[in-house]
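The structure under discussion appears below in the form of structure tokens.
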Amino acid sequence: MEPQFITNPEGLVRIAQETNASAEYLVLQDGTGASARECETEYVISLAEGASLKMVFLSLGGPLLRNKLRVSLEGRDAMCDLAGICLADDRQEMAYDILLTHQVPQCHSTQLFKNIVGGSAVTRFNGLIKVVPDAQKTEAYQANHNLLASDTAKAYTRPQLEIYADDVKCSHGATIGRLNPEELFYMRSRGIPQAEARLLQQMAFCQEVLEKISSADLREKMLAIVEEKLHKLSNIC
Amino acid sequence: MNTLLKIENLHATVGEKEILRGIDLEIKAGEVHAIMGPNGSGKSTLSAVLAGRDTFTVTEGRVTYDGRDLLALSPEERSWAGLFLGFQYPVEIPGVSNVNFMKAAVSEQRKQRGLEPLSAAQFLKLMREKMATVEMDSSFSGRGVNVGFSGGEKKRNEIFQMAMLEPRLAILDETDSGLDVDALRIVASGVNRLKRPDNAFIVITHYQRLLDYIVPDVIHVLYKGRIIKTAGKELALEIEQKGYDWIIQESE
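Residue numbers (this note's numbering), protein chains in the order written: chain F, 1 to 237; chain D, 1001 to 1252.
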């Protein structure tokens, strides 16, 4: 199945996955079109029984990006896989606000959001998984990892779980860190210049999200776009 | 013979603590020097300082490598100049495959040394050949650098990297620690295969065992940040039998 492309959306994006339907979306925000100015997008998403949805977000440019996701799993055995990368630099601000609700039993959701923050940029991740009392056998996972690439970059993260059922598997986690100096030194000691060593590490950090893109062709293209953006980012800091 | 490395009165600290307290050492092309000494004597610090690790501060002394001021060079510049450090604890780099790591390293080395870039096919052939010399399975190339490797596999990966980069001065920091006899033999033969009249090795070890395979020209004993004894290869056996105490007493 070829992923569908959504480039620089704004306003409202509505996705209703009907029974047993499956889809993959790739959302690209590259600082052109609507994302060239302050841009807020709300995604209202629902999944019916047996439906599956994968969305990969690449937020690579724009002065202010706000992505608000409201995801509702409404039929049994629905599966929702969300992943994203923010590459923020200069004075950019990129924010994800996610409310994902398990309304019925036996659904599965994952969230993996990774940010690299350079310059004086800011990223915000505010994510809530809600599991209603009836939604037994839920599996829900959420992770937000942030890599600070400068001393003036900021990353805020608020992973949250609200669980009202008692037979569920849920986890959430967040990290904020810097490139590992031991790894950098190891690479430099083999003759890899510092800037390239950083780039290799940053690409490795993004890899897990990019691998979610199921079309090899598209994945290679996105990899190249991310790499180019990281090149610019590492020149700044 | 040409002097490749000259260390004069080298002092280095980490934080407030002085670890190297006046090292003098001269290494000529074609030589193998072993550095032995009890734990905490400064062996790993010396190798880290030579490779350019910035957690240590050089407070006094100078190091001349191939006529250049080594301490003024960045870690990558030292590598381009032919210096190689085999790490005591090789670093794991999740997400960066061995093949991409080596490709980045080799292509930069070649660029810096004014050599033509290798084609993808040439590079992979070279990689296969060098992996074979340390009996590494080719499945390792696609895996993350050192990720999930056993102790012995990590050390073989160090020797593989050394073989790819063909250094002029290789410093092997306790490459033998944690190796069983077979791995030790593989590592040692990897080193011996790279020995040439125009390069040199510094082998840091606790045990005479490794020096049975890699025969040194000179053995130095490091203690409390100074070299307290320098002798021929027979010293290793003596240390194995009698320990370091007699050398320490002799020096005090």
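Cβ atoms here follow ideal geometry from the backbone N, Cα and C, with glycine treated the same way.
Q: Using the DSSP secondary-structure output, state which residues sit across from Pro159(F) in a beta bridge.
A: Translated into positions along the first sequence, residue 159(F) becomes position 159. Its beta-bridge partners are Gly127(F).
Q: Could you name the residues of chain F that Glu1108(D) contacts, counting a contact when the two beta carbons are closer than 9 Å?
A: Here residue 1108(D) corresponds to residue number 108 of the second sequence, with the count starting at 1. What Glu1108(D) touches in chain F: Arg190, Gly191, Ile192, Pro193, Glu196.
Q.
Taking 7 Å as the cut-off, is the beta-carbon of Lys68(F) closer than that to any non-hydrogen atom of the ligand HEM?
A. Absence of the ligand HEM from the depicted structure is noted, as is the absence of any ligand whatsoever, leaving it without description.
Q | Interface residues of the segment 123–138 of chain F facing chain D [CB-CB below 9 Å] | A | none
Q.
Can you look up Lys1103(D) in the DSSP assignment and give me helix, strand or coil?
A. Numbered from its first residue, the second sequence carries residue 1103(D) at position 103. DSSP places Lys1103(D) in helix when its eight states are reduced to three.
(Q) If the cut-off is 9 Å on Cβ atoms, which residues from the segment 41–63 of chain F count as contacting chain D, listed in chain order? (A) none
Q: At 8 Å on the CB atoms, spell out the chain D contacts of Phe205(F), in chain order.
A: Your numbering for residue 205(F) matches position 205 in the first sequence. Per Cβ cutoff of 8 Å: Gly1095.
Q. What do you get for Tyr186(F), buried or exposed, if any count of 16 or more other CB atoms within 10 angstroms of its CB means buried?
A. Counting from one through the first sequence, the residue named residue 186(F) turns up at place 186. Buried, by the Cβ-count rule.
Q) Which of the three DSSP states, helix, strand or coil, is assigned to Phe1149(D)? A) Numbered from its first residue, the second sequence carries residue 1149(D) at position 149. Coil at Phe1149(D), not helix or strand.
Q: Starting from Tyr96(F), follow the beta strand (DSSP E) in both directions and report where the run begins and ends.
A: Here the question's residue 96(F) lines up with position 96 in the first sequence. Its beta strand (DSSP E) spans residues 93–102.
Q) Among Glu40(F), Ser52(F), Glu2(F), Arg14(F), which has the Cα closest to the Cα of Ser22(F)? A) The residue you call residue 22(F) lines up with position 22 of the first sequence. The shortest C-alpha separation from Ser22(F) is found at Ser52(F).
Q | is_contact[Phe1140(D), chain F] using C-beta, thresh 8 Å | A | Against the second sequence, residue 1140(D) aligns to sequence position 140. Not an interface residue.
Q: Answer yes or no: does any C-beta atom of chain D fall closer than 8 Å to that of Leu223(F)?
A: As a first step, residue 223(F) must be located in the first sequence, where it is residue number 223. Answer no: the Cβ-Cβ gap between Leu223(F) and chain D never drops below 8 Å.
(Q) I believe Leu128(F) touches Ile98(F) by the beta-carbon criterion, under 8 Å. Please report the beta-carbon distance rounded to the nearest angstrom. (A) The residue given as residue 128(F) occupies position 128 in the first sequence. The residue given as residue 98(F) occupies position 98 in the first sequence. Right, their Cβ atoms sit about 7 Å apart.
Q. Looking at chain F, which residues of the segment 1156–1182 of chain D have a Cβ within less than 8 Å of any of its Cβ atoms?
A. Gln1161, Leu1165
Q) What do you reckon, are the CB atoms on Val226(F) and Leu112(F) nearer than 8 Å? A) Taking the first sequence and counting its residues from 1, the one referred to as residue 226(F) is at position 226. Taking the first sequence and counting its residues from 1, the one referred to as residue 112(F) is at position 112. Cβ distance not < 8 Å, so Val226(F) and Leu112(F) don't count as in contact.
Q | Beta-carbon proximity check, Arg190(F) vs Ala1081(D), cutoff 8 Å | A | To locate residue 190(F), count along the first sequence from 1; it is residue 190. To locate residue 1081(D), count along the second sequence from 1; it is residue 81. Contact: no.
Q | Secondary structure of Ser1074(D), DSSP reduced to three states | A | In the second sequence, the residue the question calls residue 1074(D) occupies position 74. DSSP places Ser1074(D) in coil when its eight states are reduced to three.
Q. Would you report the Cα separation of Arg1156(D) and Ile1171(D), rounded to the nearest angstrom?
A. Residue 1156(D) sits at position 156 when you count from the first residue of the second sequence. Residue 1171(D) sits at position 171 when you count from the first residue of the second sequence. So the two alpha carbons sit approximately 15 Å from each other.
Q: Can you give me, in chain order, the residues of the segment 1191–1219 of chain D that have a beta carbon less than 9 Å from any beta carbon in chain F?
A: none
(Q) Using only CA atoms, which one of Asn126(F), Ala224(F), Asp81(F), Gln92(F) lies nearest to Gly173(F)? (A) One-based indexing of the first sequence puts residue 173(F) at position 173. Nearest C-alpha to Gly173(F): Asn126(F).
Q) Between the segment 173–185 of chain F and chain D, which residues of the former have CB atoms less than 7 Å from a CB of the latter, in chain order? A) Glu182, Glu183, Phe185
Q: Return yes when the Cβ of Leu1073(D) is within less than 8 Å of the Cβ of Leu1050(D), no when it is not.
A: Residue numbering aside, residue 1050(D) sits at position 50 when the second sequence is read from its first letter. Residue numbering aside, residue 1073(D) sits at position 73 when the second sequence is read from its first letter. No, the Cβ-Cβ distance between Leu1050(D) and Leu1073(D) is not below 8 Å.
Q: Taking all protein chains shown into account, decide if Arg1185(D) is buried (16 or more other Cβ within 10 angstroms of its Cβ) or exposed.
A: Position 185 of the second sequence, counted from the start, is the residue given in the question as residue 1185(D). It is exposed - the Cβ of Arg1185(D) has fewer than 16 other Cβ atoms within 10 Å.
Q. Is the CB of Leu230(F) under 8 Å away from at least one CB in chain D?
A. Along the first sequence, one-based indexing puts residue 230(F) at 230. It does not; no Cβ of chain D falls within 8 Å.
**Q.** Residue nearest to Pro9(F) in terms of C-alpha spacing, selected from Ile15(F), Ala216(F), Gly33(F)
**A.** Translated into positions along the first sequence, residue 9(F) becomes position 9. Per the Cα distances, Gly33(F).
(Q) Looking at chain D, is there any beta carbon in it that lies within less than 8 Å of the beta carbon of Leu233(F)? (A) For the purposes of this step, residue 233(F) is identified with residue 233 of the first sequence, where counting begins at 1. By this cut-off, Leu233(F) is not an interface position.
Q: Identify every run of the alpha helix (DSSP H) within the segment 1020–1067 of chain D, keeping only runs that are complete inside it and at least 4 residues long; order them along the chain.
A: 1043–1051
Q) Using CA coordinates, which residue listed in Thr1133(D), Ala1132(D), Lys1103(D), Val1134(D) is at the minimum distance from Ser1119(D)? A) What you label residue 1119(D) is simply residue 119 of the second sequence in a count that begins at 1. With distances taken between Cα atoms, Ser1119(D) lies closest to Lys1103(D).
Q. Hey, out of Val104(F), Asp151(F), Asn146(F), whose CA is closest to Gln136(F)'s CA?
A. By 1-based counting over the first sequence, the position of residue 136(F) is 136. Of Val104(F), Asp151(F), Asn146(F), the residue nearest in Cα terms is Val104(F).
Q. Is DSSP giving Pro63(F) helix, strand or coil here?
A. As a first step, residue 63(F) is located in the first sequence; it is residue number 63 there, counting from the start. Note: Pro63(F) maps to coil in three-state DSSP.
Q: Establish whether the CB of Leu87(F) and some CB of chain D are separated by less than 8 Å.
A: Translated into the one-based positions of the first sequence, residue 87(F) becomes position 87. False, the Cβ-Cβ gap to chain D never drops below 8 Å.
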